[in-house]
Each structure stands twice: as C-alpha cells, then as structure tokens.
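Residue numbers (our numbering), protein chains in the order written: chain E, 1 to 305; chain R, 306 to 583.
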Amino acid sequence: MKEDRLFFLALLPFGAIVVAVFIVFVSTLLYNSLPIFIHEGLMVYTSSTWRPVENNPEAEVYGLLAPMIGTLEVSFLAIIISLPPGLSLAIMIEEYLPTGLKSLMETIIEVMAGLPTVLYGMWASLFFADYLKSDLMIPLHEILWFIPIFGCMPESPYTVFTAGVILGIMIMPYMVGLILDGIRQIPKKIREACYSLGMTKYETVRILLRLMRPVIIASVLLSLGRAAGETIAVSLTIGNTYNIPECLFTPGYTISSLIADQFGNSGFYVYMASALYAGGLFLLLLGVITSSTGLYLMRRWKTSV
Amino acid sequence: MSRHRYFKDKLFKIMVFVFAMAGVAPLFAIISAIAVNGGKTILSVGPGFFYGLPSSPLSSSPGGIGPALVGSLILMFLSTIIGYPLAFMTAVLAVEFPESVFGRFIDVLVKSLLEIPTILIGVLVYSLLVVPTGSFSAWAGAIALAIVILPYIYTHVENSLRSIPADIRLASYSLGLSRAKSIFYVFTCEAKRGLLTAMLIGLARASGETAPLLFTIGGNWFTYFQGLGKPIGAVPLLIYTYTLTPYTNYHEAAWGASLVLLMVYLSLFAVFRRFSKP
C-alpha cells in the first residue's frame, strides 16, 4: 500500500536520529581517546602511574591499570554479595510464597531495582559506611588478617569493600529479575516429575538449580556488566584515591568513579581527558562483552528447555 | 520420609528465607533512615526547604533546595518530551514493520543504549554540546537524560504494542485502515495503559539519574531557572554534591533532599503500579 510506504518513510527520520546518536557517540569516544594512544600507546591500559603535570604535556603520564583492577574487584565483590540473597529471593518467590505475598515481594524488588542510585550512595556514605567499618570490616580484618585481601586495617569507612557491598545491594534486584525469568521457563512437568517421585522441596530445587546453571552464569555476567558501569554510588563510597587496591580495606577508584571525580579537572591538562575517554572505551568494551555473552547464553538456554 | 531428609528440607527453607530477608532488608533500612533524617531536616527548616535558597557552609541551617527542585522538574519534563516521541516512533517502526531490516536493526540499537554507562553518556554530551556552546545548560542535561531514559520507555511501548491482540489488528486492517491510521486511531487506544506506564517509567528514571547530569547541567543551586541555555540544578545532583562536602549542614540538606526525591520516586512508582495492573 502506498500510504504504508509513506508512513514507513515518515518514521525513518526517528530511526535515523538513534543511528546518528550512536555513530556520533562512538566516533567521539574514539576520536577523543586517540591522543592518549598516540602519546603513550597501550601503556594507558598497562601502567598504574597517574601523573598530571601542568604546562608540560610531554611529562604527563596516565595509566588506567589501578582503576581497571578496582572496577573488577568492586564488581566481583558485588556479585559475591548479591548472588546468595538474589538466588534465595528468586527461589522463595517462585517455590515457597503464596500468590498474594509473591506479588508483594515482586513489588518490593521492583522498587529496589528502580530506586535512584544516588539514594543508595548517600545512605551508604552518610550512614551505613561507619557501621560497615566497625561491625564488619574490623572484625573481618581481626579474624582473617592472614589473607592478603583482608590484610590491612581499615582506616577510613570509604573503601573498595564498602563500594562492593553497596553495589551488591544495588544489583541484587536486577539479578533476581534475570533468575526469575529463567526459573519461569522451566517446564512444569519437571517439577511435577520431581514431586511425584516423592522428592522434598529442597531436592526439587536442587534439580531446578542444576538445570538453570547457564541462566545463573548469564545473570552473573549481565550483572557484572551493570556493576562495572555504575558510577554515583561507587564514587560516594570508594574513597576516590589512586592506588592498586591489593587489600579490600583501602580506598581506591573504579574507571567510572575516576571519570566522575577527575573529568572536571581534566581541562587543566592536555592528555587527562583523553585518558579518561580511553577508560570509557574500556568500560564500553567490558559492557559489550559481558552483555553479549550473557544474552547469548540466556537465549541458547531458552531454546533448549 | 526419613528424618534426615526432613531436616535437610527444613534447614534449606530457613536458609532461603534468611538470605532473602537479608536481601531486601537494605531497602527498608534506606527508607527509614531517609524518612527519619530527612524528616528532621524538613521539620527544622519548615516549608522554606522547598522554595528557599541554600545556606552557606558551616551556618547552622541546612537551607533550602528550591532552585534544584524546580530544575529537576524542568529536566524531567524536557527529557520526557524529547525521549518519549523518539521511543514511541522507533517502537512503532520496530513492531509494525517487522519485515523491514531497518526496523529490526533499530530494535537492537535502542536496546543496546542500555549498555552505555550513564556517566559516559554525560561525558559525551559534554564534549558534543557543552564544549561547543561554551556553557553548561538545561538543554545538555535534558538531552543526556533523554538518551538514558530512551531504552526504558522504548521497551515498555514495544511490549504494549506487541500485546495488542491479533484479532484487533486484523479487524483494524480489514476495515481498510492504513497502518498509520490503525496505530493512531485503534492501537493507541487499545494500548493506552501501556503507553502511559511507559511515560511514568521515563519520568521516574529521569527524576533519579545523577551521572548524566554531572558534566552537563553545571549544578546551579542558587538561582532559579534562567533559561534553557543556562546552568540549572537538579535534586539528585544536589544530593551527590552535598554528600561529598564535609559540612554537616549540607549533609542535613542532602537527607532532606533525599526524602523529597524518595517521595517523588515512590509516588511515580505507585501510579505506575496502579496502571500497569489490569
């Protein structure tokens, strides 16, 4: 139909806007990170020196290794913290709760998932971090001092550990959503078969969990990508200090909190902004890799059950 | 059933419930801490908290958040005005023209916007809009926010268009209506709940996002709206900035502002829930 063709053509500009935004974003990112690659090559990802020098661009050195390690540490910590409650919530909602409580619980999770991240960050920074330090970090250090990651005495409440815990709380609802999505794909007949064999709920859930292993891996990957890009709550709790966090109880940086903290100063230097764009490039690549792998696993599993 | 299996089953159940409760406990801890501390601030300042100007650091009063509150409302409004039509039209393109390659491509593209960290969107908008115009502006913030909320609105519009029953679709086409007329006269009425909730999701997201505003709006806390090309304030950015300062009275103001933001978010969410359930 001619009218349909016209309508399609009328919609095209809107699609074109999105395409244009994408192209402009990616090319700006690449263009702006180019100077640092010319200046120091791939060293920007392998060194951990951060030396801004005013009025002498040749002496400037920016290495992103420390915040890259920080990003990975904080994200892994967040996953470790959010996985047990996340799995438990999904199991509880799907297997234990009656219908009324089920929807209440799902509403609570939805509220948590959408709660502005600055509220998590503000609460953690002004209230929770002190308790976390005195009630968890110091005891952990006193008991497990011989393990290097717990090997230093927490001096400030703002550490890599604090940021990891907050991030764990924040991505937990997102993870629950993904796992629930997976659990619901499992055909009813498997559950019925389990119960008809006289299995207890625990034994049934164990079977379901084994079936769902790819979903759990996919959820972890997707949550990891989400955690790595989160800025505000991390920036408020990580202490914003440039060092390689060998111990979790020291302040640090993630790539995103480095950008949030330093981008405002980057105008005073020649290469700093460019180094931060290179950090953005790293974040984007990490996100693309984790999410495409995660989505691929999820899709493959959905067609297999 | 053997005793052993029975106890294992019970133990598992208890563990699941304990972990699950530990998972949702932070939400209640956050809400109650914000209600208590924010309530204290707002009661001590009075209604002036909502329209007053910030006080100076180290003074005894937390001051007001007037300009930031107005700025937030303007930014929410603007970003939805920009983001919603874009999300709606691209969703129509993807859902109603599934046979076109471009439609499917757009679907993937819009959804992958979710993968760009929001801080990066802010930084890119900074270098594309703030640097050339030479000034932080409400425009830059609204556009950054619009890009952030676009995929959320899109997903909801897409779902509501996809959930239109096939018989209504066929009935509309069999009346001889073109696709455009079907969409604007029939499908939008059929899917109006979904289209409304999509807007609420957009507003709720726009009300709380901080990272895209960090390098775009310039954080203007002291003067009310001066024009779209001028720096503007926003409540989430105010909370972030105040929390990072060492001043007690700014921390108190941050608690108060958090209570305001929490109320805005929860009420948008309540309306969203009201409309998303049939």
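Every residue gets a Cβ at the ideal spot worked out from N, C-alpha and C, and that includes glycine.
Continuous alpha helix (DSSP H) stretch holding residue i: start and end
| i | result |
| --- | --- |
| alanine 233 of chain E | 232 to 237 |
| methionine 68 of chain E | 65 to 91 |
| arginine 579 of chain R | 553 to 581 |
| tryptophan 123 of chain E | 117 to 123 |
| aspartate 472 of chain R | 471 to 479 |
| glycine 499 of chain R | 497 to 513 |
| proline 331 of chain R | 308 to 350 |
| phenylalanine 7 of chain E | 2 to 40 |
| aspartate 130 of chain E | 129 to 132 |
| cysteine 194 of chain E | 188 to 196 |
| arginine 206 of chain E | 201 to 211 |
| proline 173 of chain E | 160 to 183 |
| leucine 434 of chain R | Leucine 434 of chain R -> no alpha helix (DSSP H), and no H or E assigned at all. |
| threonine 303 of chain E | 272 to 304 |
| serine 417 of chain R | 406 to 417 |
is_contact[residue i, chain R] using C-beta, thresh 9 Å
| i | result |
| --- | --- |
| glycine 114 of chain E | yes |
| tyrosine 45 of chain E | no |
| lysine 201 of chain E | yes |
| serine 125 of chain E | yes |
| leucine 248 of chain E | no |
| glycine 235 of chain E | Before going on, a small fix: residue 235 of chain E reads as serine here, not glycine. Answer yes: the Cβ-Cβ gap between serine 235 of chain E and chain R drops below 9 Å somewhere. |
| alanine 260 of chain E | yes |
| leucine 276 of chain E | yes |
| glutamate 155 of chain E | no |
| alanine 193 of chain E | no |
| alanine 228 of chain E | yes |
| tyrosine 120 of chain E | yes |
| isoleucine 217 of chain E | no |
| tyrosine 96 of chain E | yes |
| glycine 329 of chain E | The structure shown does not extend to residue 329 of chain E, since chain E is modelled only from 1 to 305, so the question has no answer here. |
| methionine 137 of chain E | no |
| leucine 284 of chain E | yes |
DSSP three-state assignment for residue i, whether helix, strand or coil
| i | result |
| --- | --- |
| proline 359 of chain R | strand |
| isoleucine 537 of chain R | strand |
| glycine 368 of chain R | strand |
| glycine 523 of chain R | strand |
| proline 251 of chain E | coil |
| asparagine 464 of chain R | helix |
| tyrosine 529 of chain R | coil |
| cysteine 494 of chain R | helix |
| leucine 112 of chain E | Note that residue 112 of chain E is methionine in the sequence shown here, rather than leucine. Reduced to three states, the DSSP call for methionine 112 of chain E is helix. |
| tryptophan 145 of chain E | coil |
| leucine 97 of chain E | coil |
| tyrosine 457 of chain R | helix |
| asparagine 265 of chain E | helix |
| glycine 151 of chain E | coil |
| proline 517 of chain R | helix |
| phenylalanine 354 of chain R | helix |
| threonine 241 of chain E | coil |
| threonine 550 of chain R | coil |
| leucine 482 of chain R | coil |
| isoleucine 421 of chain R | coil |
One or two residues paired with residue i in a DSSP bridge
| i | result |
| --- | --- |
| tyrosine 62 of chain E | E:Trp50 |
C-beta neighbour in chain E for residue i, strict 9 Å
| i | result |
| --- | --- |
| valine 321 of chain R | yes |
| valine 350 of chain R | no |
| serine 483 of chain R | yes |
| asparagine 342 of chain R | yes |
| phenylalanine 407 of chain R | yes |
| leucine 501 of chain R | no |
| tyrosine 552 of chain R | no |
| valine 329 of chain R | yes |
| arginine 578 of chain R | yes |
| alanine 445 of chain R | no |
| tyrosine 389 of chain R | no |
| leucine 358 of chain R | no |
| threonine 423 of chain R | yes |
| lysine 318 of chain R | yes |
| glutamate 463 of chain R | no |
| valine 428 of chain R | yes |
Residues from the segment 361 to 387 of chain R in contact with chain E, defined by Cβ distance under 9 Å: none
Selection of the segment 62 to 88 of chain E by Cβ proximity to chain R, strictly under 9 Å: Ser82, Pro84, Pro85, Gly86, Leu87, Ser88
Closer than 7 Å, Cβ to any Cβ of chain E: which residues of the segment 471 to 495 of chain R, in chain order? Ser483, Arg484, Ala485
Give, in chain order, every residue of the segment 21 to 32 of chain E whose Cβ lies closer than 8 Å to some Cβ of chain R. Val21, Phe22, Val24, Phe25, Thr28, Leu29, Asn32
Using a Cβ-Cβ cut-off of less than 7 Å, give me the residues of the segment 527 to 541 of chain R that come near chain E, in sequence order. Pro541
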